[in-house]
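In our numbering, the protein residues as written are 25 to 233.
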(Lines of atoms letter the chains of each structure in order from A and count residues from 1; the text may use other names and numbers.)
(Lines give C-alpha, C1' and ligand atoms only; values in the text may rest on other atoms or scores of the structure.)
Protein backbone atom coordinates (compact mmCIF):
# COMPACT_ATOMS: atom_id res chain seq x y z
CA UNK A 1 0.00 0.00 0.00
CA UNK A 2 1.40 3.41 -1.22
CA UNK A 3 1.66 6.26 1.23
CA UNK A 4 -0.71 9.31 0.61
CA UNK A 5 0.64 12.64 -0.62
CA UNK A 6 1.86 14.91 2.02
CA UNK A 7 -0.55 17.79 2.97
CA UNK A 8 2.37 20.18 2.68
CA UNK A 9 2.75 19.31 -1.03
CA UNK A 10 -0.93 20.14 -1.76
CA UNK A 11 -0.57 23.40 0.09
CA UNK A 12 2.34 24.47 -2.12
CA UNK A 13 0.49 23.64 -5.37
CA UNK A 14 -2.40 26.00 -4.64
CA UNK A 15 -0.29 29.13 -4.37
CA UNK A 16 1.37 28.26 -7.69
CA UNK A 17 -2.03 28.09 -9.38
CA UNK A 18 -3.01 31.39 -7.80
CA UNK A 19 0.11 33.04 -9.17
CA UNK A 20 -0.65 31.72 -12.67
CA UNK A 21 -4.20 33.09 -12.56
CA UNK A 22 -3.03 36.43 -11.27
CA UNK A 23 -0.51 36.66 -14.13
CA UNK A 24 -3.32 36.10 -16.67
CA UNK A 25 -5.64 38.72 -15.24
CA UNK A 26 -3.48 41.77 -16.03
CA UNK A 27 -3.06 40.55 -19.61
CA UNK A 28 -6.81 40.48 -20.09
CA UNK A 29 -7.12 43.95 -18.71
CA UNK A 30 -4.23 45.11 -20.89
CA UNK A 31 -5.91 43.88 -24.12
CA UNK A 32 -9.32 45.21 -23.20
CA UNK A 33 -8.13 48.80 -22.88
CA UNK A 34 -6.50 49.14 -26.34
CA UNK A 35 -9.54 47.63 -28.01
CA UNK A 36 -11.77 50.31 -26.57
CA UNK A 37 -9.25 53.01 -27.46
CA UNK A 38 -8.91 51.75 -31.03
CA UNK A 39 -12.67 51.79 -31.48
CA UNK A 40 -12.76 55.36 -30.27
CA UNK A 41 -10.00 56.41 -32.66
CA UNK A 42 -11.73 54.82 -35.62
CA UNK A 43 -14.95 56.64 -34.86
CA UNK A 44 -13.15 59.95 -34.50
CA UNK A 45 -11.28 59.44 -37.77
CA UNK A 46 -14.51 58.71 -39.64
CA UNK A 47 -16.13 61.88 -38.37
CA UNK A 48 -13.16 64.06 -39.29
CA UNK A 49 -13.08 62.56 -42.80
CA UNK A 50 -16.76 63.28 -43.29
CA UNK A 51 -16.40 66.94 -42.44
CA UNK A 52 -13.16 67.42 -44.39
CA UNK A 53 -14.04 65.75 -47.70
CA UNK A 54 -16.05 68.64 -49.31
CA UNK A 55 -13.38 71.28 -48.62
CA UNK A 56 -11.02 70.48 -51.55
CA UNK A 57 -13.94 70.75 -54.01
CA UNK A 58 -14.37 74.48 -53.48
CA UNK A 59 -10.91 75.59 -54.71
CA UNK A 60 -11.21 73.28 -57.73
CA UNK A 61 -14.48 74.92 -58.73
CA UNK A 62 -13.03 78.39 -58.26
CA UNK A 63 -10.05 77.43 -60.43
CA UNK A 64 -12.38 76.26 -63.19
CA UNK A 65 -14.23 79.55 -63.10
CA UNK A 66 -11.04 81.59 -63.22
CA UNK A 67 -9.88 79.63 -66.29
CA UNK A 68 -13.08 80.21 -68.25
CA UNK A 69 -12.78 81.84 -71.65
CA UNK A 70 -14.63 85.04 -70.50
CA UNK A 71 -12.00 85.73 -67.75
CA UNK A 72 -9.15 85.78 -70.37
CA UNK A 73 -10.80 88.26 -72.77
CA UNK A 74 -9.48 91.84 -72.92
CA UNK A 75 -11.58 94.44 -71.17
CA UNK A 76 -13.88 96.59 -73.37
CA UNK A 77 -11.80 99.73 -72.83
CA UNK A 78 -8.73 98.02 -74.29
CA UNK A 79 -10.76 96.82 -77.27
CA UNK A 80 -12.10 100.31 -77.94
CA UNK A 81 -8.60 101.76 -77.70
CA UNK A 82 -7.45 99.30 -80.36
CA UNK A 83 -10.29 100.52 -82.59
CA UNK A 84 -9.32 104.15 -81.98
CA UNK A 85 -5.68 103.41 -82.84
CA UNK A 86 -6.67 101.81 -86.15
CA UNK A 87 -8.29 105.10 -87.24
CA UNK A 88 -5.08 107.08 -86.80
CA UNK A 89 -4.96 107.73 -90.55
CA UNK A 90 -3.69 110.57 -92.77
CA UNK A 91 -6.12 113.49 -92.73
CA UNK A 92 -7.09 113.04 -96.40
CA UNK A 93 -7.20 109.26 -96.39
CA UNK A 94 -10.96 108.77 -96.93
CA UNK A 95 -11.16 111.71 -99.36
CA UNK A 96 -8.81 109.88 -101.75
CA UNK A 97 -11.00 106.79 -101.92
CA UNK A 98 -12.17 105.80 -105.40
CA UNK A 99 -15.91 105.69 -105.99
CA UNK A 100 -16.36 102.00 -105.17
CA UNK A 101 -14.62 102.39 -101.82
CA UNK A 102 -16.66 105.51 -101.06
CA UNK A 103 -19.78 103.40 -101.52
CA UNK A 104 -18.42 100.82 -99.07
CA UNK A 105 -17.63 103.61 -96.61
CA UNK A 106 -21.19 104.91 -96.91
CA UNK A 107 -22.51 101.40 -96.26
CA UNK A 108 -20.35 101.21 -93.13
CA UNK A 109 -21.78 104.54 -92.00
CA UNK A 110 -25.31 103.20 -92.48
CA UNK A 111 -24.64 100.02 -90.49
CA UNK A 112 -23.06 102.02 -87.68
CA UNK A 113 -26.06 104.31 -87.13
CA UNK A 114 -29.01 102.35 -88.47
CA UNK A 115 -32.05 101.88 -86.23
CA UNK A 116 -32.78 103.28 -82.76
CA UNK A 117 -29.16 104.05 -81.97
CA UNK A 118 -29.97 106.53 -79.18
CA UNK A 119 -32.33 104.08 -77.47
CA UNK A 120 -29.90 101.18 -77.70
CA UNK A 121 -26.65 103.00 -76.93
CA UNK A 122 -27.70 105.92 -74.75
CA UNK A 123 -27.36 109.63 -75.48
CA UNK A 124 -23.59 110.14 -75.34
CA UNK A 125 -22.57 107.00 -77.21
CA UNK A 126 -25.51 107.26 -79.60
CA UNK A 127 -24.65 110.82 -80.61
CA UNK A 128 -21.00 109.87 -81.04
CA UNK A 129 -21.95 107.06 -83.41
CA UNK A 130 -24.31 109.32 -85.37
CA UNK A 131 -21.57 111.93 -85.79
CA UNK A 132 -19.06 109.26 -86.73
CA UNK A 133 -21.46 107.92 -89.32
CA UNK A 134 -21.83 111.41 -90.76
CA UNK A 135 -18.04 111.83 -90.89
CA UNK A 136 -17.74 108.61 -92.90
CA UNK A 137 -20.41 109.78 -95.32
CA UNK A 138 -18.43 113.00 -95.86
CA UNK A 139 -15.11 111.10 -96.05
CA UNK A 140 -13.88 113.30 -93.20
CA UNK A 141 -10.90 111.38 -91.82
CA UNK A 142 -9.91 113.93 -89.16
CA UNK A 143 -13.39 114.11 -87.60
CA UNK A 144 -13.62 110.33 -87.79
CA UNK A 145 -10.36 109.97 -85.86
CA UNK A 146 -11.47 112.43 -83.16
CA UNK A 147 -14.85 110.76 -82.67
CA UNK A 148 -13.47 107.22 -82.48
CA UNK A 149 -10.92 108.42 -79.91
CA UNK A 150 -13.83 109.29 -77.58
CA UNK A 151 -15.03 105.69 -77.34
CA UNK A 152 -12.47 104.45 -74.76
CA UNK A 153 -13.17 107.53 -72.63
CA UNK A 154 -16.90 106.91 -72.34
CA UNK A 155 -16.65 103.12 -71.95
CA UNK A 156 -16.86 103.23 -68.15
CA UNK A 157 -20.30 104.88 -68.27
CA UNK A 158 -21.80 102.36 -70.69
CA UNK A 159 -24.34 99.78 -69.59
CA UNK A 160 -24.15 96.16 -70.67
CA UNK A 161 -26.92 96.79 -73.20
CA UNK A 162 -25.06 99.76 -74.71
CA UNK A 163 -21.81 97.78 -74.98
CA UNK A 164 -23.63 94.95 -76.69
CA UNK A 165 -25.29 97.34 -79.16
CA UNK A 166 -21.96 99.05 -79.84
CA UNK A 167 -20.25 95.74 -80.51
CA UNK A 168 -22.98 94.66 -82.91
CA UNK A 169 -22.74 97.92 -84.89
CA UNK A 170 -18.94 97.83 -84.96
CA UNK A 171 -18.94 94.30 -86.35
CA UNK A 172 -21.41 95.23 -89.11
CA UNK A 173 -19.40 98.32 -90.07
CA UNK A 174 -16.14 96.38 -89.94
CA UNK A 175 -17.42 93.89 -92.50
CA UNK A 176 -17.96 96.79 -94.90
CA UNK A 177 -14.31 97.77 -94.48
CA UNK A 178 -13.31 94.16 -95.11
CA UNK A 179 -15.05 94.22 -98.48
CA UNK A 180 -12.82 97.14 -99.56
CA UNK A 181 -9.83 94.83 -99.96
CA UNK A 182 -6.31 96.22 -100.05
CA UNK A 183 -5.86 99.95 -100.51
CA UNK A 184 -2.87 102.21 -99.94
CA UNK A 185 -0.64 100.63 -97.29
CA UNK A 186 -3.32 98.15 -96.25
CA UNK A 187 -5.02 100.50 -93.78
CA UNK A 188 -8.47 99.42 -94.94
CA UNK A 189 -7.74 95.95 -93.59
CA UNK A 190 -6.32 97.18 -90.28
CA UNK A 191 -9.58 99.00 -89.60
CA UNK A 192 -11.89 95.96 -89.96
CA UNK A 193 -9.45 93.81 -88.00
CA UNK A 194 -9.90 96.12 -85.02
CA UNK A 195 -13.63 96.54 -85.60
CA UNK A 196 -14.66 92.94 -86.17
CA UNK A 197 -12.36 90.87 -83.95
CA UNK A 198 -12.11 92.97 -80.78
CA UNK A 199 -15.76 94.01 -81.03
CA UNK A 200 -17.02 90.46 -80.87
CA UNK A 201 -16.49 90.19 -77.08
CA UNK A 202 -18.38 93.48 -76.74
CA UNK A 203 -21.25 91.98 -78.68
CA UNK A 204 -21.63 89.08 -76.25
CA UNK A 205 -21.68 91.23 -73.11
CA UNK A 206 -24.80 89.99 -71.24
CA UNK A 207 -27.56 92.53 -71.05
CA UNK A 208 -28.92 93.29 -67.57
CA UNK A 209 -32.29 91.75 -66.76
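Don't be surprised by glycine CBs; every beta carbon is placed ideally from N, CA and C.
Bear in mind the structure is a predicted one, so any value in this text is a computation, not a measurement.
In this structure the region 109-125 does not touch the region 143-151; the number of beta carbon pairs closer than 8 Å is below three. Taking 8 Å as the cut-off, the Cβ atoms of residue 135 and residue 200 count as close. If the five residues before and after residue 156 are omitted, its C-beta is found closer than 7 Å to the C-beta atoms of 136, 168, 171, 172, all from its own chain and listed in chain order. In the structure shown, residue 113 adopts coil according to DSSP, grouped into three states. Taking all protein chains shown into account, residue 196 has 16 or more neighbouring C-beta atoms within 10 Å of its C-beta and is therefore buried.
No residue range can be given for residue 118, since it is assigned to no alpha helix (DSSP H) and is classified by DSSP as neither H nor E. In its chain, beyond the 5 residues on either side, 101, 104, 105, 108 have a beta carbon closer than 7 Å to the beta carbon of residue 176. For residue 140, there is no enclosing alpha helix (DSSP H), since its DSSP letter is neither H nor E. If only uninterrupted alpha helix (DSSP H) runs of at least 4 residues are considered, those enclosed by the region 157-182 are 165-172, 175-178. For residue 132, the CB contacts under 7 Å within the same chain, skipping 5 residues up- and downstream, are 160, 197, 200, 201 in chain order.
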